[in-house]
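Input: a single structure, listed below in structure tokens.
There are 2 protein chains.
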Amino acid sequence: MRRYGAAVVKDRNETPADAVEGRPGIEVLNRAVDILDVFTVGPGTSLSLAEISRRSGLPKATAHRLLAALEVLGLIERTGVGYQLGLRLFELGERVPRKHALREAALPFMQDLYEATHDTVHLAVLEGTDVVYLERIRGHRSSNVASRVGGRLPAACTGVGKALLAFDDEAAARVLAAPIAPRTRYTITDPKVLADELVRIRAAGVAFDREENTIGITCAAAPILMNNRPLGAVSVTGSPPLLDVDRIASAVKTAAIGIQRTLAAGGGTRGTR
Amino acid sequence: MRRYGAAVVKDRNETPADAVEGRPGIEVLNRAVDILDVFTVGPGTSLSLAEISRRSGLPKATAHRLLAALEVLGLIERTGVGYQLGLRLFELGERVPRKHALREAALPFMQDLYEATHDTVHLAVLEGTDVVYLERIRGHRSSNVASRVGGRLPAACTGVGKALLAFDDEAAARVLAAPIAPRTRYTITDPKVLADELVRIRAAGVAFDREENTIGITCAAAPILMNNRPLGAVSVTGSPPLLDVDRIASAVKTAAIGIQRTLAAGGGTRGTR
Numbered sequence: 000m001r002r003y004g005a006a007v008v009k010d011r012n013e014t015p016a017d018a019v020e021g022r023p024g025i026e027v028l029n030r031a032v033d034i035l036d037v038f039t040v041g042p043g044t045s046l047s048l049a050e051i052s053r054r055s056g057l058p059k060a061t062a063h064r065l066l067a068a069l070e071v072l073g074l075i076e077r078t079g080v081g082y083q084l085g086l087r088l089f090e091l092g093e094r095v096p097r098k099h100a101l102r103e104a105a106l107p108f109m110q111d112l113y114e115a116t117h118d119t120v121h122l123a124v125l126e127g128t129d130v131v132y133l134e135r136i137r138g139h140r141s142s143n144v145a146s147r148v149g150g151r152l153p154a155a156c157t158g159v160g161k162a163l164l165a166f167d168d169e170a171a172a173r174v175l176a177a178p179i180a181p182r183t184r185y186t187i188t189d190p191k192v193l194a195d196e197l198v199r200i201r202a203a204g205v206a207f208d209r210e211e212n213t214i215g216i217t218c219a220a221a222p223i224l225m226n227n228r229p230l231g232a233v234s235v236t237g238s239p240p241l242l243d244v245d246r247i248a249s250a251v252k253t254a255a256i257g258i259q260r261t262l263a264a265g266g267g268t269r270g271t272r
Numbered sequence: 000m001r002r003y004g005a006a007v008v009k010d011r012n013e014t015p016a017d018a019v020e021g022r023p024g025i026e027v028l029n030r031a032v033d034i035l036d037v038f039t040v041g042p043g044t045s046l047s048l049a050e051i052s053r054r055s056g057l058p059k060a061t062a063h064r065l066l067a068a069l070e071v072l073g074l075i076e077r078t079g080v081g082y083q084l085g086l087r088l089f090e091l092g093e094r095v096p097r098k099h100a101l102r103e104a105a106l107p108f109m110q111d112l113y114e115a116t117h118d119t120v121h122l123a124v125l126e127g128t129d130v131v132y133l134e135r136i137r138g139h140r141s142s143n144v145a146s147r148v149g150g151r152l153p154a155a156c157t158g159v160g161k162a163l164l165a166f167d168d169e170a171a172a173r174v175l176a177a178p179i180a181p182r183t184r185y186t187i188t189d190p191k192v193l194a195d196e197l198v199r200i201r202a203a204g205v206a207f208d209r210e211e212n213t214i215g216i217t218c219a220a221a222p223i224l225m226n227n228r229p230l231g232a233v234s235v236t237g238s239p240p241l242l243d244v245d246r247i248a249s250a251v252k253t254a255a256i257g258i259q260r261t262l263a264a265g266g267g268t269r270g271t272r
């Protein structure tokens, strides 16, 4: 039997999975997250017990018991027709420091970019080979932009993703080693072409997405760097000719530098890992 | 022993707590949420095992085991000095429909208010006797505004809170029945005075916070109504004389009406309970 507490902190070879395996009760936690995971964004955010059971693969009795526990915790709410994710889950999620600190530093500069363009302005971080969108501000102009706050897209075919990969060799190596699924006919799927592109982005300090994720949508993105490591990236996304990414590029770079300066002055470094 | 599954759905008198009580394994879930709950926003977002054990009241061994399980799930991340909330928790929280749908409908109108004022613009919902802030946009102007996205404030002493209470008799009754803790010398603590104020707000369609939560900070707020029920409230918050809440009031009301129109047209009703 493995020992816990202080002893384990010294054991650097132990993975979290080792510490968890075979522990009674932990399975409940995994199943509870499986249940939270079946809820998606968009139509059908309220699900019946039968649908939750089907999507999670859990027996109805188990799903019901877990839903009741999650409801007591405020993580699930009952609706007229079933269950939906509870507001408390949002409240907990907003405390995540990688989101909170970077967003607070970035928001005023994102507002400047919005006022200059009235296009969609993004803030994103790298997570594996994906980007996760921390913030997305936009006005009335309807657009076909594929992102959503808290959503993911493959890093290789987004402006923010390429801006981050250009300054993160480890993540870039992972992306270049795996096949890249084309999302449009402009997606860069050849690893050699993408590697060259990342070198250019690193030199220029700005990345462009020219319809590589969605036809009709272009983007200019710049990395937010701290000690030469990319903490996140900011971008302006829209449709030509209203948005000319080459003309907006310097404003996006300037915004990223402003965010860096705010972070360096302590305005948001709290908790940023 | 209580039966679960379909039988329970018919038993309308059963509370979620009844269904959960004494269930083996569910306790793990409660403890896991206790651990997530010890993490706060601000300095010290990364906590040591000892600190997590102290704050949660759980033995170190138990806390360590749960942290390992939560790390596998991505809800907790290791840092150089301990643990912090994981990005996956933010991703899950962003799927909460009461947040997502209302925010998407409101954001363009919030941007309009920001451009007109360059003050802080809020979107909030009522949760018990508190307001929970769904969105908060702001520019470079530094201010002493007490809110944060995902944070709570007592409804009685905020503009958004009073705008919501004026159209929600049940919540207003709860607030008026309990003592109201003064936050400044302008907080309305007399239930009779607050009840009169709510009547005036209901008639005018706009609520003002005149330094009732923070000295030097004022606010104009309007409810977002659907079938005469308040789904949320939008507000502009700032400091006089830069912000004149009486002059901005009609713009805030207009923004709320625009959000209602968007929601009524289906732009965000998805999942709003």
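Residue numbers (numbering that gives the first Met the number 0), protein chains in the order written: chain A, 0 to 272; chain B, 0 to 272.
Glycine residues also receive a C-beta, built at the ideal position from the N, C-alpha and C atoms.
Keep in mind that this is a model prediction, so the values were computed, not measured.
Please report the distance separating the alpha-carbon of residue i from that of residue j.
i: B:Ile51; j: B:Gly79; result: 15 Å
i: A:Leu57; j: B:Ile179; result: 45 Å
i: B:Asp118; j: B:Val235; result: 7 Å
i: B:Gly231; j: B:Phe166; result: 10 Å
i: A:Cys156; j: B:Ile256; result: 38 Å
i: B:Ile258; j: B:Ala250; result: 12 Å
i: B:Gly150; j: B:Gly92; result: 13 Å
i: B:Gln110; j: B:Met225; result: 22 Å
i: B:Lys252; j: B:Leu106; result: 15 Å
i: A:Leu282; j: A:Glu70; result: Outside the modelled stretch of chain A, which goes from 0 to 272, sits residue 282 of chain A, for which no answer is possible.
i: B:Gly237; j: B:His139; result: 13 Å
i: B:Ile25; j: A:Phe38; result: 21 Å
i: A:Arg199; j: A:Pro239; result: 23 Å
i: B:Ala203; j: B:Ala177; result: 25 Å
i: A:Pro181; j: A:Asn227; result: 30 Å
Based on DSSP bridge pairs, tell me the residues matched to residue i.
i: B:Cys218; result: B:Asp208 and B:Thr236
i: A:Arg151; result: A:Val131
i: B:Thr119; result: B:Thr236
i: B:Ile223; result: B:Gly231
i: A:Ile136; result: A:Val120
Within its chain, find whatever has a CB closer than 8 Å to the CB of residue i; leave out the 5 residues flanking it on each side and keep chain order.
i: A:Val32; result: none
i: A:Asp36; result: Ser55
i: A:Lys59; result: Leu48, Ala49 and Ser52
i: A:Leu66; result: Ile34, Leu48, Ile51, Ile75 and Tyr82
i: B:Ile187; result: Ala155, Cys156, Ile179, Leu193, Glu196 and Glu211
i: A:Asn12; result: In this prediction, A:Asn12 scores a pLDDT of 47, lower than 50, which makes its location untrustworthy; the coordinate-derived value is nonetheless stated afterwards. Cβ within range, chain order: n/a, list empty.
i: A:Ala115; result: Ile247 and Ala250
Beta-carbon within less than 6 Å of residue i's beta-carbon, same chain only, minus the 5 sequence neighbours each way: which residues are those?
i: B:Ala170; result: Leu125 and Leu164
i: B:Leu88; result: Leu74
i: B:Ala254; result: Phe108, Leu112 and Val233
i: B:Pro190; result: Leu175
i: B:Ala263; result: none
i: B:Gln83; result: Thr44, Ser45 and Glu76
i: A:Leu152; result: Val130
i: A:Val120; result: Met109, Leu112, Tyr113, Ile136 and Val235
i: A:Leu242; result: Asp118
i: B:Pro229; result: Leu163, Phe166, Asp167 and Pro222
Does the beta-carbon distance from residue i to residue j come in below 7 Å?
i: A:Val159; j: A:Val130; result: yes
i: A:Leu112; j: A:Leu122; result: no
i: B:Arg201; j: B:Thr128; result: no
i: A:Ile216; j: A:Val144; result: yes
i: A:Ala162; j: A:Ala221; result: yes
i: B:Phe207; j: B:Val148; result: no
i: B:Arg94; j: A:Val40; result: yes
i: A:Ser273; j: A:Arg137; result: Outside the displayed span of chain A (0 to 272) sits residue 273 of chain A, for which this structure offers no information.
i: B:Val27; j: A:Leu28; result: yes
Which residues in the same chain as residue i place their Cβ atom closer than 7 Å to its Cβ, once the five residues preceding and following it in sequence are excluded?
i: B:Gly267; result: Its pLDDT being 47, under 50, B:Gly267 is placed unreliably by the model, and the measurement read from it follows with that caveat. Ala100, Leu101, Glu103, Ala104 and Thr261, listed in sequence order.
i: A:Glu210; result: Thr183, Tyr185, Ile216 and Thr217
i: B:His63; result: Leu48
Heavy atom of the ligand ATP less than 6 Å from the Cβ of residue i, yes or no?
i: A:Val251; result: By its list of ligands, the structure shown contains no ligand whatsoever, and the ligand ATP lies outside what it can speak to.
Please list, in chain order, the chain E residues whose beta carbon lies closer than 7 Å to that of residue i.
i: B:Pro107; result: The structure shown contains no chain E; the protein chains it does contain are A and B.
(request) List in chain order: all unbroken alpha helix (DSSP H) runs of 4+ residues lying wholly within the stretch 45-130 of chain B. (result) You should have 48-55, 59-71, 86-92 and 96-116.
(message) In chain order, what are the residue ranges of uninterrupted beta strand (DSSP E) at least 3 long that sit wholly in the stretch 159-209 of chain A?
(response) 206-209
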